[in-house]
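Protein chains in written order, with my numbering: chain A, 1 to 276; chain B, 1001 to 1134; chain C, 2001 to 2323.
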Amino acid sequence: MTRGDTRYPLAAMGLALLASAVGLAQAPPRAPAAAKPASPKPATDIPRTPDGKPDFSGIWQSLSGADYGLEPHPATKEGPPGAGVVEGNTIPYTTGALDQRAKNAARATADPRLKCFTLGTPRGIYYAEPFQIFQRPRDLTLLFEFGHPVRTINTNATEHPDGHIDFWLGDSRGHWEGDTLVVDVTDFNGETWLDRVGDFNSDELHLVEHWSFVNRDTIRYRATFNDPKVYTRPWTLDVLLYRRLEPNVQIIENYCSTLDYDRYYPYPATSKLTGK
Amino acid sequence: MKSRVLCVLMLASALGGVASAHHSFAAEYDSNQPITLSGTLTKIEWTNPHGWVYIDVKGDDGKVTNWGVEFGSPNALLRRGVRRTDFPLGISLVVKGYRAKSGSPVINGSSVKLPDGRDLYTGSSNPNAPGAEK
Amino acid sequence: MRIRIQLVLLGGLAITPAAVFAQGARSFRESSFVPAASGPWTGPQLPDGQPDVSGHWSNTIGNHNNLTDPQGPLGRDDEAPPAEGRQQNARKPKPRSERAPSRVSDPPDGQVPFQPWARVMQEDFLAHLNNPVKPEYVEPFARCAPGGPTKSFMWHGYEIRQFPGYVLFMFDSGNRVIYLDGRPHLPGNVKLWNGDSRGHWEGNTLVVDTTNNNSKSRLGRSGEFVSENATIQERFVFDPAGDRFTYNATYTDPTVLTRPFTVTIPNRRVTDKTPADDWNNLTFPAKHAGNEPIIEAYERICVEGNGDHGQVVASESTEGKTP
């Protein structure tokens, strides 16, 4: 399918009107996002919740390698090559932001991932570790293995809180357009990176995600970035998420920030007090 | 917010560094070393469970030291309508608190006076909190 | 859109907001309670048959300062500075008989049945709590480590979310997933802060087997602990009226204990009617077009490593200022 243009604008509009009619909230008016994505081919035989919505519950993981670099890049000592996940290949940074990105890249040790800070949104989605989606009518709960934080996508017709709040994961309000979950994310803290080579956004980012099944074990995740502080125009990334199918696979707790000090607890092995 | 009058007092209590800390106050700070600092806001970290402001303080010898001031939970402030954007960098602050036991230029903040004279002090919004949480 | 705050200084009204918050706090501060009894569930059910206990909850005794005397000394930080603008006399501690019982409900003496060497370790930690001259005396919770399966219920309000096959507990620091689908535990050498939990419902009781404990979080600032050989049998007994549940956790650990012991913690539901008190009710009113009150919690992310920890200077590890 082609990217960027709406194939079925009237159908998309009709679905949006239907959604409004049944009381689902639309995202609050913001700066316009990029051109509407192509409607995904309707996937057949997808899991559904009792109320008929696609059920994204499960453990998911990207194989894109996007965390090694969103834009196309050759192999380095730090990571494998990638053909990129950015539509049009290049992230349209402002000149000042390009300088900042270069500074970030030069100090790869400043990657907040290395302190096990929350990866943020959307980096947690395409990171190299899995996350689990738990779904019920009012929300989706995303539990990320890396750092074990929880991100909530509210699908209960609630809106973003007033004013700006600094969140690591942003504030996520979603609604259904047919079989696509459209999520509006605002309220970023600007403390996270988008990958290991220093791509980034500011606290003014407005992200719009589209989640849809390609088949019952594959989700297409598209995210459009709007951030006039950093980018000259909106841009979009596109990755697939694969369902982890191993028997009894589970998200294993990974509080990586404790690795620097956990040897001291509950007491160090070298403690002389044990008398043993 | 229903009442502007309630605002400042609840804000004050939330700003007190001893509210909702993840650590024991006495483990890190010395209640026998109160201190007052005047300085310029250089950095603010709006993180849970407690935020930090950093201020440049000029000593009597003219030397400038950057002090870290630990506060209570930004969520508590948020509940009272206060956000990071209410603290633009460069403003002058007068901060009262207690010094870190380690001797580093770090204090646990108990009150902050903003340039317009607003004094945000600990009024303890939760006198019956389990253990008066520190 | 930014919110502008217009503040008015009226110090004389200090009593009013304190009282408003205190009301909410009092209903979450009990000195006695009746443990819920296991039995049938007669409340609402989820589509998959689980009792519906989703929502916000908080314990009604207090914080994790003191496991065996939770409202006693160390129940408040005796070395905290006097709050400016308040009277100097913080509440005087009540007599022991008027304070909540030990959270250790068995053995009857309310103490953890330590082997002698473990009692020495526990007292050593407690002695250094306010003078942490070594890293092991800094409570890991201060570094944003999770609270552990049981100590997590001795802190702020938290949230329960339920799904077919899972019960999720979301705390300020850390999350617990209880697997209801009968899958095997993780291999034993994978040790976790919040353990690995497998559970099932028996009427109103969620029965949980928690293994793979790294036991690093201890059981309170008072220093009680178990080893990584500990296994925990938990029973979450929900009152069908829907407002309360009792948490019970029996610890078995031949490495540290002379016999098993049980922790019991009462909890109450937090609703939109619960005054926000920065402790038990950490929710915010959701913004929406409807009339019914909806409360929601914001992200629970703990960030530390940006300062000294007691006497242990930041330079001792990779802790440092955030970028």
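Cβ coordinates follow ideal geometry from the N, Cα and C atoms, glycine included.
By the Cβ neighbour-count rule, B:K1101 is buried, with 16 or more other Cβ atoms within 10 Å of its own. In this structure, the straight-line span from the alpha carbon of A:S57 to that of C:C2144 is close to 28 Å. Residues of the segment 2173–2189 of chain C with a Cβ closer than 8 Å to any Cβ of chain A, in chain order: G2174, N2175, V2177, Y2179, R2183, P2184 and L2186. Chain order gives the chain A residues near B:T1085 as H164, where near means a beta carbon separation below 7 Å.
Taking C-beta separations shorter than 6 Å and ignoring five residues to either side along the sequence, the partners of C:I2061 in its chain run P2070 and A2100, following chain order. Apart from sequence neighbours up to five positions away, the residues of its chain that approach C:P2293 with a beta-carbon distance below 6 Å are D2272, ordered along the chain.
What B:S1073 touches in chain C, judged by beta-carbon distance under 7 Å, is D2278, going in chain order. Looking at the DSSP output, C:P2285 shares a beta bridge with C:I2295. Check the Cα spacing between A:W168 and each of A:T192, A:T141 and A:V185: the tightest is with A:T192. In this structure C:V2207 touches C:H2200 by the C-beta definition: roughly 6 Å separates them, less than 8 Å. Of all residues in the segment 122–149 of chain A, only F134, R136, T141, L143, H148 and P149 place a beta-carbon less than 7 Å from a beta-carbon of chain C. Contact with chain B is absent for C:N2194, since none of that chain's Cβ atoms lies less than 8 Å from the residue's Cβ. Between the segment 239–257 of chain A and the segment 2177–2185 of chain C there are three or more C-beta pairs closer than 8 Å, enough to call the two in contact.
Listed along chain A are D166, each with a C-beta nearer than 7 Å to that of B:W1046. CA-to-CA, the gap between C:P2275 and C:L2282 works out to about 9 Å. Taking the Cα of A:L98 as reference, the smallest distance to any Cα among A:V197, A:E246, A:L245 and A:Y242 is reached at A:V197. Within the same chain, V2256, L2257 and T2258 come within 7 Å of C:Q2115 by CB-CB distance, once the 5 residues on both sides are set aside. Nearest CB-CB separation between B:P1105 and chain C: not below the 8 Å threshold.
Rounded to the nearest angstrom, the gap between the Cα atoms of C:G2195 and C:E2234 is 12 Å. In the structure shown, A:P47 falls within a coil segment according to DSSP collapsed to helix, strand and coil. Among the residues of the segment 1048–1068 of chain B, those with a Cβ less than 8 Å away from any Cβ of chain C are N1048, P1049, W1052 and G1068, in the order of the chain. Unbroken alpha helix (DSSP H) runs of no fewer than 4 residues, entirely contained in the segment 70–144 of chain A, are found at 95–106 and 123–126, following chain order. Sixteen is the threshold: since fewer than 16 other Cβ atoms of the shown chains lie within 10 Å of the Cβ of C:V2133, the residue is exposed. Taking the beta carbon of B:L1078 as reference, the chain A residues within 7 Å of it are I165, listed in sequence order. Between A:H210 and the set A:R233, A:D184, A:G190 and A:D227, the nearest pair of CA atoms involves A:D184. Excluding its 5 nearest sequence neighbours in each direction, C:L2186 has C-beta neighbours in its own chain below 7 Å: D2196 and N2212, listed in chain order. According to the DSSP assignment, B:V1095 belongs to the beta strand (DSSP E) that extends over S1092 to A1100.
The Cβ neighbour count for C:D2243, taken over all protein chains shown within 10 Å, is under 16; the residue is labelled exposed.
Look at A:R216 here: in three-state DSSP terms it is coil, with no helix or strand label. Not a single CB atom of chain A sits nearer than 8 Å to the CB of C:K2151. By the C-beta criterion, the segment 226–238 of chain A is judged not to be in contact with the segment 2150–2167 of chain C, since fewer than 3 inter-stretch pairs fall below 8 Å. In this structure, the CA atom of A:A102 is about 19 Å from the CA atom of A:W235. Take the alpha-carbon of B:G1072 and the one of B:V1095: they are about 14 Å apart.
Around the beta carbon of A:G120, a 10 Å sphere encloses 16 or more other beta carbons of the protein chains shown; the residue is thus reported as buried. Remark: C-beta atoms of A:Q61 and A:Y267 do not approach each other more closely than 8 Å. Under a criterion of Cβ atoms nearer than 7 Å, the residues of chain A adjacent to C:I2301 are, in order, T118, P149 and W168.
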